[in-house]
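The sequence shown lines up with residues 5 to 537 when you count with my numbering. A virtual CB, placed ideally from N, CA and C, is assigned to each residue, including glycine. Down below is the structure, laid out as structure tokens.
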Amino acid sequence: MFLEDVLKHQTVQAADPLLRASPDSVPGRQVRWVHSSEVLDIAPLLRGGELLLSGGQALATATDGRRVGYVRELASRGVAALAIETGPSLPDIPESMLVAAESNGLPLFEFRKVAPFVGIMQEINSILVSQSVELLQRGDEISHAMAAALAHGGGLDEVLGVLAEQTGTSVRLVSPAGLTLGSAGAADGGGSGGGPGTGAGTADGGGSAAGPPTGGSGTGALGTGGSGTVSTTAVEVPVRGVLAARLELELPEGIDPTFVRVAGERSVDILGLALLQRMPPGLKELAGAELMRAAHSGAQPWRLEQLGAAAGFAVDGPVAAVMIRSAASGRLRPALDAVLAGAVPHAASYADKLELIALAGLPREGTRAARSLLIEALGNLEVPEGSAIAVGPLGQGIGEAAWSMSEGRRTLDLAPRTGRPGGGSRQVRDADAFSAERLAAESIDAGACRDFVRRTLGPILEHDEQRNSQLLHTLTVWLDSGCNTAQAARELHLERQSMYHRLQRIFDLCGGDPRGTGRLVGLHLATRLAPLP
Numbered sequence: 005m006f007l008e009d010v011l012k013h014q015t016v017q018a019a020d021p022l023l024r025a026s027p028d029s030v031p032g033r034q035v036r037w038v039h040s041s042e043v044l045d046i047a048p049l050l051r052g053g054e055l056l057l058s059g060g061q062a063l064a065t066a067t068d069g070r071r072v073g074y075v076r077e078l079a080s081r082g083v084a085a086l087a088i089e090t091g092p093s094l095p096d097i098p099e100s101m102l103v104a105a106e107s108n109g110l111p112l113f114e115f116r117k118v119a120p121f122v123g124i125m126q127e128i129n130s131i132l133v134s135q136s137v138e139l140l141q142r143g144d145e146i147s148h149a150m151a152a153a154l155a156h157g158g159g160l161d162e163v164l165g166v167l168a169e170q171t172g173t174s175v176r177l178v179s180p181a182g183l184t185l186g187s188a189g190a191a192d193g194g195g196s197g198g199g200p201g202t203g204a205g206t207a208d209g210g211g212s213a214a215g216p217p218t219g220g221s222g223t224g225a226l227g228t229g230g231s232g233t234v235s236t237t238a239v240e241v242p243v244r245g246v247l248a249a250r251l252e253l254e255l256p257e258g259i260d261p262t263f264v265r266v267a268g269e270r271s272v273d274i275l276g277l278a279l280l281q282r283m284p285p286g287l288k289e290l291a292g293a294e295l296m297r298a299a300h301s302g303a304q305p306w307r308l309e310q311l312g313a314a315a316g317f318a319v320d321g322p323v324a325a326v327m328i329r330s331a332a333s334g335r336l337r338p339a340l341d342a343v344l345a346g347a348v349p350h351a352a353s354y355a356d357k358l359e360l361i362a363l364a365g366l367p368r369e370g371t372r373a374a375r376s377l378l379i380e381a382l383g384n385l386e387v388p389e390g391s392a393i394a395v396g397p398l399g400q401g402i403g404e405a406a407w408s409m410s411e412g413r414r415t416l417d418l419a420p421r422t423g424r425p426g427g428g429s430r431q432v433r434d435a436d437a438f439s440a441e442r443l444a445a446e447s448i449d450a451g452a453c454r455d456f457v458r459r460t461l462g463p464i465l466e467h468d469e470q471r472n473s474q475l476l477h478t479l480t481v482w483l484d485s486g487c488n489t490a491q492a493a494r495e496l497h498l499e500r501q502s503m504y505h506r507l508q509r510i511f512d513l514c515g516g517d518p519r520g521t522g523r524l525v526g527l528h529l530a531t532r533l534a535p536l537p
């Protein structure tokens, strides 16, 4: 359902919803499911496309930094919208959350009246389930018609023609190198499958975040230069687990993009059979696909070494994982592959619902310099608003690929909570810049971590809370700059004299100037761990 239609439903209207942030992101945005939760770490458990309902109890007691991180994590995960019920525990939505939602393109609604979340979820989700069943049935009918055309000797263009006619779209099948393998245009007057829509939609990907990839898809609006708009949906077509082609469907205004996306995804198997007759994958491609599955599932190093050798990776050569979280993961894959081809000697990639994952084989000589160049190249990758990129730590051999991948994923989870820059180029998060946070999240008990921060930074935290100052942020920037006062002043947009005054106040609170003492490392570690929950 479109978000606008969900908001018009009587169960939602009973809550008196008011749009507080990101109104430009509402038109054309679709809701896949309605979910409610008071857990602030809910983002990794979501698939994207959810309308998330919150009663505000957990937000009321959270720090301002955690609230902002909550919004950023939801936006990064591709959540359709966030609705927060205000009341005695949370009289108003904090301004910082509204700013974060606006800057990250996440529609944020205030429920100004109490309404039963269970009732909202039951009503809307029932509609969504019914619509999903209907769409899948219609998609299966189209795939059966395509299978019949293939069984009767039809070529690729004929099979694509069935899809085009039934959906009212123009379709094109493109190789990973960009060559057109087949195409077909919609019949005059459109097909029989399109329903009402706006021509805009959400991006989505095939497969499962917990299993092997089965392809990806995305939907985005394109200008036509004419009287209407054309949106395009793209679906990856694998053959035996290897990316063989990309199905592109262009639909004019008035055709339901959700239906077209479902029809495209249901046609993948038939198109894979048609392609298999023309271009069966080789052993190297099959091994590469299996390697990505194994690394994604955390397989043992010996298994990764077996598959890596067959896929063309040097068994003992350095590797680094690349993780991209985006609602357009499928559409980004060709661009990522092009970046990798120009930056590293060898690479492999795949996309699932909301993650695009790659392994980059780096040269033995100048390995770290090559990794830095890769980060810089990824910084120039054009990604939709709300996407996030991380490069995992350096693995010494393909056997450590799964570890680099898991640490890259951990970096994506932790980075929004810290409020710090990526540590890489533009939007790229360098896992090496978050090593302290990664170590704490993996090895240090959360209670012990909070106690360490309180004992180390207690007076500074108390000062900030009582006087609404920013001493902790000042100290963090100063320590991250290598105790370079002039550089820290520039980053904070402070006069140097003001910077010196702040530092002196910090030193008075934390027991003196830490430079040249053993306290410096502990103080720096505490500032890095303070934003973590």
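Inter-residue spacing [alpha-carbon to alpha-carbon] between M409 and L50: 20 Å
- prompt: Can you list, in chain order, the residues of its chain whose CB lies under 6 Å from that of G451, leaving out five sequence neighbours each side?
  reply: none
task: In the DSSP assignment, find the alpha helix (DSSP H) that holds A151 and state where it starts and stops.
output: F121 to A155
- prompt: Counting only beta-carbon atoms, is T237 nearer than 8 Å to chain C?
  reply: Structure shown: chain C not included; a single protein chain is present.
Alpha-carbon to alpha-carbon, G412 and D68: 26 Å
- prompt: Between G462 and the rest of its own chain, which residues show a CB-CB distance below 6 Å, the 5 nearest in sequence each way excluded?
  reply: none
message: DSSP three-state label for T521, please.
response: coil
- prompt: So what's R24 in DSSP terms, helix, strand or just coil?
  reply: strand
- request: Would you decide whether D436 is buried or exposed? Buried here means 16 or more other CB atoms lie within 10 Å of its CB.
  value: buried
- request: Enumerate, from N- to C-terminal direction, the unbroken beta strand (DSSP E) stretches of 3 or more residues contained entirely within the stretch 408-489.
  value: 432-434
- request: Note the first and the last residue of the continuous beta strand (DSSP E) segment covering T184.
  value: T184 to A188
task: Check D67 in the structure and name its three-state DSSP category.
output: For the sequence presented, residue 67 should be read as Thr rather than Asp. Correct three-state label for T67: coil.
- prompt: What do you reckon, are the CB atoms on E42 and A64 nearer than 8 Å?
  reply: no
field: Contact the stretch 174-183 vs the stretch 236-250: 3+ CB pairs below 8 Å
entry: yes
task: Enumerate in chain order the residues of its own chain whose CB-to-CB distance from V103 is below 7 Å, with the five nearest sequence positions on each side excluded.
output: none
query: Using 8 Å as the threshold, is the stretch 17-36 in touch with the stretch 100-114, meaning 3 or more CB pairs across them?
result: yes
- prompt: Can the beta-carbon of R368 be found closer than 8 Å to that of G321?
  reply: yes
- request: Report, in whole angstroms, the separation of the C-beta atoms of T15 and I124, which I expect to be a contact under 8 Å.
  value: 5 Å
message: Does R368 come out as helix, strand or coil in the three-state DSSP assignment?
response: coil
query: Which residues mark the beginning and the end of the beta strand (DSSP E) in which M327 is found?
result: P322 to R329
message: Relative to the C-alpha of D434, which candidate in L416, T171, P92 and L513 has its C-alpha closest?
response: L416
task: Please determine if the stretch 33-47 and the stretch 90-102 are in contact, where contact requires at least 3 C-beta pairs separated by less than 8 Å.
output: no
- prompt: Out of curiosity, what's the CA-to-CA distance linking Q431 and A392?
  reply: 7 Å
message: Which complete alpha helix (DSSP H) runs does the stretch 248-274 hold, if anything under 4 residues is left out?
response: 261-270
- request: Return the CA-CA distance between I464 and M503, expressed in angstroms with no decimal places.
  value: 16 Å
field: Chain-order list of residues whose beta-carbon lies under 7 Å from that of E582 (same chain, five-residue window excluded)
entry: Because residue 582 is not part of the residues shown, which for the chain are 5 to 537, the question remains open.
query: What is the rounded straight-line gap between the Cα of G53 and the Cα of V30?
result: 12 Å
message: Can you list, in chain order, the residues of its chain with a C-beta nearer than 6 Å to that of L56? Leave out the 5 residues immediately preceding and following it.
response: H39, V83 and L86
- prompt: Is H300 helix, strand or coil by DSSP?
  reply: helix
- request: Could you check the C-alpha separation between G215 and G60 for me, to the nearest Å?
  value: Interpretation of G215 is limited by its pLDDT of 32, a score under 50 that renders its predicted location unreliable; no figure is taken from the coordinates.
- prompt: For the 8 Å Cβ check, are there 3 or more pairs between the stretch 378-389 and the stretch 344-364?
  reply: yes
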